[in-house]
Amino acid sequence: MESMHAEGESPFVALDDDNASGSSVAPANDSDYGGEASPYVECPVETCSHVMRHEEMDAHLEHHAKDFASAAADAAAPSNAVPAAHDHDPDHGRGASHPTGSPPSPGRSKSARGVGRHHHTPERKSERSSRQATAISAWKLLLRMPGSGASSSLSSKKKRQADQPEGPSARTTKRLGLGRYHDEERMPRWLTSHIEKGVFVKAEGVIPVLSQMLEQCPATKNAYLCHPSVQHFSKLPKECGFCGYRNIQMLCSYIVGIKLNGYRQLNRNIPTIFQIQDFIEAAWDQGINTQGRVETGGIKGTRKYIGTPEALAMFRFLEIPCDAQGFKNKETGKSEALLMEEVENYFQSGVGDPTQRVRLTNLPPIYFQHAGHSLTIVGFERLRDGETSLLVFDPEYRDSSKVTKYVGRTDFEFNNPNWALARYRRGNKYLKRYREFEILR
Numbered sequence: 001m002e003s004m005h006a007e008g009e010s011p012f013v014a015l016d017d018d019n020a021s022g023s024s025v026a027p028a029n030d031s032d033y034g035g036e037a038s039p040y041v042e043c044p045v046e047t048c049s050h051v052m053r054h055e056e057m058d059a060h061l062e063h064h065a066k067d068f069a070s071a072a073a074d075a076a077a078p079s080n081a082v083p084a085a086h087d088h089d090p091d092h093g094r095g096a097s098h099p100t101g102s103p104p105s106p107g108r109s110k111s112a113r114g115v116g117r118h119h120h121t122p123e124r125k126s127e128r129s130s131r132q133a134t135a136i137s138a139w140k141l142l143l144r145m146p147g148s149g150a151s152s153s154l155s156s157k158k159k160r161q162a163d164q165p166e167g168p169s170a171r172t173t174k175r176l177g178l179g180r181y182h183d184e185e186r187m188p189r190w191l192t193s194h195i196e197k198g199v200f201v202k203a204e205g206v207i208p209v210l211s212q213m214l215e216q217c218p219a220t221k222n223a224y225l226c227h228p229s230v231q232h233f234s235k236l237p238k239e240c241g242f243c244g245y246r247n248i249q250m251l252c253s254y255i256v257g258i259k260l261n262g263y264r265q266l267n268r269n270i271p272t273i274f275q276i277q278d279f280i281e282a283a284w285d286q287g288i289n290t291q292g293r294v295e296t297g298g299i300k301g302t303r304k305y306i307g308t309p310e311a312l313a314m315f316r317f318l319e320i321p322c323d324a325q326g327f328k329n330k331e332t333g334k335s336e337a338l339l340m341e342e343v344e345n346y347f348q349s350g351v352g353d354p355t356q357r358v359r360l361t362n363l364p365p366i367y368f369q370h371a372g373h374s375l376t377i378v379g380f381e382r383l384r385d386g387e388t389s390l391l392v393f394d395p396e397y398r399d400s401s402k403v404t405k406y407v408g409r410t411d412f413e414f415n416n417p418n419w420a421l422a423r424y425r426r427g428n429k430y431l432k433r434y435r436e437f438e439i440l441r
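With the UniProt record's numbering applied, the sequence shown covers 1 to 441.
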C-alpha cells in the first residue's frame with residue numbers, strides 16, 4: 001500500500017483524481033446548511049484524505065497524533081531490540097492488505113501488491129511522522145481560532161440543534177447524514193479499478209490481544225468483548241466514504257467466522273464493496289427498507305454514504321436476524337447514557353462467568369452510527385474512576401504494530417496497555433459531540 005503514495009508531498013495538498021477520471025462530484029448544497037459554506041473538510045494527512053464535518057476534525061486528528069507518536073517511538077527503538085517475526089513487513093500494523101477470498105492466516109500481514117516494496121529506515125519513518133505531526137498541530141490550532149470556518153460552522157450547528165424540538169429515544173432507521181458524495185453518479189475509475197482488484201485492509205486476531213491488554217491495564221475495572229472471530233477492516237488510502245461498508249464487513253467476519261445462518265448467502269466469504277451494494281439494491285428491489293433508495297437515489301457504483309438503514313436492509317435480505325435501535329435526546333448526555341446502558345446490558349447477557357475481570361462472550365459485534373461516521377462496537381469497558389467506554393474497531397484507523405505483533409500469543413506483557421487501549425476507546429469526550437446514535441445488532 002505504501003507504493004500508492006510518494007513521500008515528500010505537503011500534507012496540505014489534496015490529491016484529487018476525480019478530474020482525471022472524468023467523474024463529476026457535486027459539492028454539498030450550501031442551502032441545505034442555512035447558506036453556510038460546505039460543512040465538510042478533508043483530512044490534511046496525506047495517506048488519509050478522510051472527508052468529515054469541521055467539528056469532527058479535532059477528534060480525528062487526535063487519533064492520527066497517537067498513530068504518529070507510535071511510529072516515532074518505533075523508529076527511536078534501540079537497533080539491537082529483538083523484533084517480532086513479522087515486524088519487518090512495512091504494511092504490518094497498518095493492517096493486512098490482500099485479495100478478497102484469499103486471506104493469510106491470522107496474525108500474518110501480507111500485501112496484495114507484494115511485501116517489502118518499500119522498506120523505510122527509522123530516520124525516514126521518523127521524518128514522515130514528524131512532518132505529519134506538524135501538519136496536525138497546525139490544523140488543530142486553526143480549528144481553535146475564533147472566526148475560523150470550522151468554529152463558525154460549529155457555532156451555527158449548535159444554534160440549529162438548540163432550535164430543534166426534543167425527540168424521544170426510539171427505534172429508528174432514520175439517516176444520520178447523506179455525506180459529501182450524495183449527488184455522485186459514479187465513483188472515479190481509479191477507485192473502481194482498485195476495488196475490483198479485491199485489495200482491502202484487515203487485521204485478524206486482535207480481540208484476544210485486547211483481552212490481554214485489558215487484563216493488564218490498571219485503569220480497567222471490568223470489560224466485555226465480543227466473539228474473537230471478528231476482524232478489523234480499515235479504509236484504503238483516499239478511499240473516502242466507505243466506513244459503512246467496512247463496518248458491514250466486520251459484522252460479516254463474525255457471520256462467516258462462526259458459520260452463522262446467512263454465511264452461505266455470503267458465499268462463505270467477506271463481501272466486497274460492490275457485492276454489498278448489490279445486496280442492498282436487491283433488498284430494495286424486494287421492498288425491504290426502501291426509504292434508503294428514496295433518500296440516496298441508489299448507491300450502485302457510487303461513494304454515497306450508507307448507514308444503519310442500508311445495513312439493516314442487507315441483513316434482512318440475507319435472512320440474518322437483526323434489529324436497529326436509535327437514541328435521540330436533546331438533554332446533554334442523555335443519549336450517550338442510554339447508549340452506554342444498552343451496550344453494557346447487551347454484553348452482560350452473553351457472559352458465562354461474571355466474576356472474571358475481562359469477560360469474553362460469543363456475541364456478535366454491534367454496528368454503531370452517529371452523524372458523519374460509523375464504527376463497530378466490539379466491547380464495553382468500565383474504568384476504576386467510574387467512567388465507561390465503548391471499545392470499537394474504527395475503519396478510519398489501523399491497528400498499531402505494537403498490538404498486532406502479539407496476535408496469536410498469550411504470554412506477553414504489554415508495556416503501556418492504557419496508552420494502547422486509547423485508540424479503541426470511545427468515551428464521553430468523543431460521544432458528547434453528538435446527540436443522536438443508532439445501533440444494529
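All C-beta atoms, glycine included, are put in the ideal place defined by N, C-alpha and C.
Roughly how many whole angstroms lie between the Cα atoms of residue i and residue j?
i, j, result
"Pro417", "Tyr254", "26 angstroms"
"Ile280", "Ala313", "6 angstroms"
"Phe233", "Val206", "11 angstroms"
"Gln212", "Ala311", "31 angstroms"
"Val403", "Arg293", "40 angstroms"
"Ile288", "Leu318", "11 angstroms"
"Asn269", "Glu331", "43 angstroms"
"Ala409", "Ile366", "Note on residue identity: the sequence assigns Arg, not Ala, to residue 409. About 26 angstroms."
"Val343", "Lys235", "25 angstroms"
"Leu214", "Asn428", "19 angstroms"
"Lys202", "Arg398", "8 angstroms"
"Phe437", "Arg189", "34 angstroms"
"Leu360", "Leu61", "31 angstroms"
"Ile377", "Lys221", "19 angstroms"
"Val358", "Met187", "43 angstroms"
"Tyr245", "Ile306", "7 angstroms"
Name the two residues that bound the continuous beta strand (DSSP E) containing residue i.
i, result
"Gln369", "366-370"
"Gln325", "324-328"
"Glu436", "436-440"
"Lys221", "220-225"
"Arg382", "373-383"
"Phe393", "388-393"
"Leu421", "It is not in any beta strand (DSSP E) - Leu421 instead sits in the alpha helix (DSSP H) that spans 417-421."
"Leu266", "Neither: Leu266 is in no beta strand (DSSP E) and is coded neither H nor E."
Take the Cβ of residue i as the centre, count every other Cβ of all protein chains shown within 10 Å, and call the residue buried at 16 or more, exposed below.
i, result
"Pro218", "exposed"
"Ser193", "exposed"
"Asp385", "exposed"
"Arg264", "exposed"
"Pro395", "buried"
"Phe412", "exposed"
"Gln356", "exposed"
"Ile258", "exposed"
"Asn247", "buried"
"Gly198", "exposed"
"Pro237", "buried"
"Asp323", "exposed"
"Pro321", "exposed"
"Ser231", "Reading off the sequence shown, one finds Gln at residue 231, where the question assumed Ser. Its Cβ being crowded by 16 or more others within 10 Å, Gln231 is buried."
"Glu239", "buried"
"Leu431", "buried"
"Glu341", "exposed"
"Gln325", "buried"
"Gln286", "exposed"
"Gly333", "exposed"
Which of the three DSSP states, helix, strand or coil, is assigned to residue i?
i, result
"Glu196", "helix"
"Leu260", "coil"
"Gly241", "coil"
"residue 449", "Since the first residue shown for the chain is 1 and the last is 441, residue 449 is missing from the structure and cannot be characterised."
"Thr290", "coil"
"Thr100", "Low confidence applies to Thr100: its pLDDT is 40, below 50, so where it sits in the model is not reliable, and the reading given next is rough at best. Thr100 falls in the coil class under three-state DSSP."
"Leu236", "coil"
"Thr332", "coil"
"Val343", "helix"
"Leu338", "helix"
"Ser151", "Interpretation of Ser151 is limited by its pLDDT of 45, a score under 50 that renders its predicted location unreliable; the figure taken from the coordinates is listed afterwards. Correct three-state label for Ser151: helix."
"Leu360", "strand"
"Gln164", "Only weak support exists for where Gln164 lies, its pLDDT of 42 falling under 50; the value from the coordinates is given anyway. Coil."
"Arg425", "strand"
If you follow the alpha helix (DSSP H) that residue i is part of, which residue opens it and which one closes it?
i, result
"Gly352", "Neither: Gly352 is in no alpha helix (DSSP H) and is coded neither H nor E."
"Val206", "206-216"
"Phe317", "308-317"
"Leu431", "428-431"
"Glu281", "273-285"
Is it the case that the CB of residue i approaches a heavy atom of the ligand FAD more closely than 8 angstroms?
i, result
"Glu413", "As presented, the structure is devoid of all ligands, the ligand FAD included, so that no description of it is given."
Are the C-beta atoms of residue i and some chain D residue less than 9 angstroms apart?
i, result
"Arg316", "In summary, chain D is missing from the structure at hand, where a single protein chain is found."
For the structure I just gave you, are there three or more beta carbon pairs, one from the stretch 344-357 and one from the stretch 193-203, closer than 8 angstroms?
no
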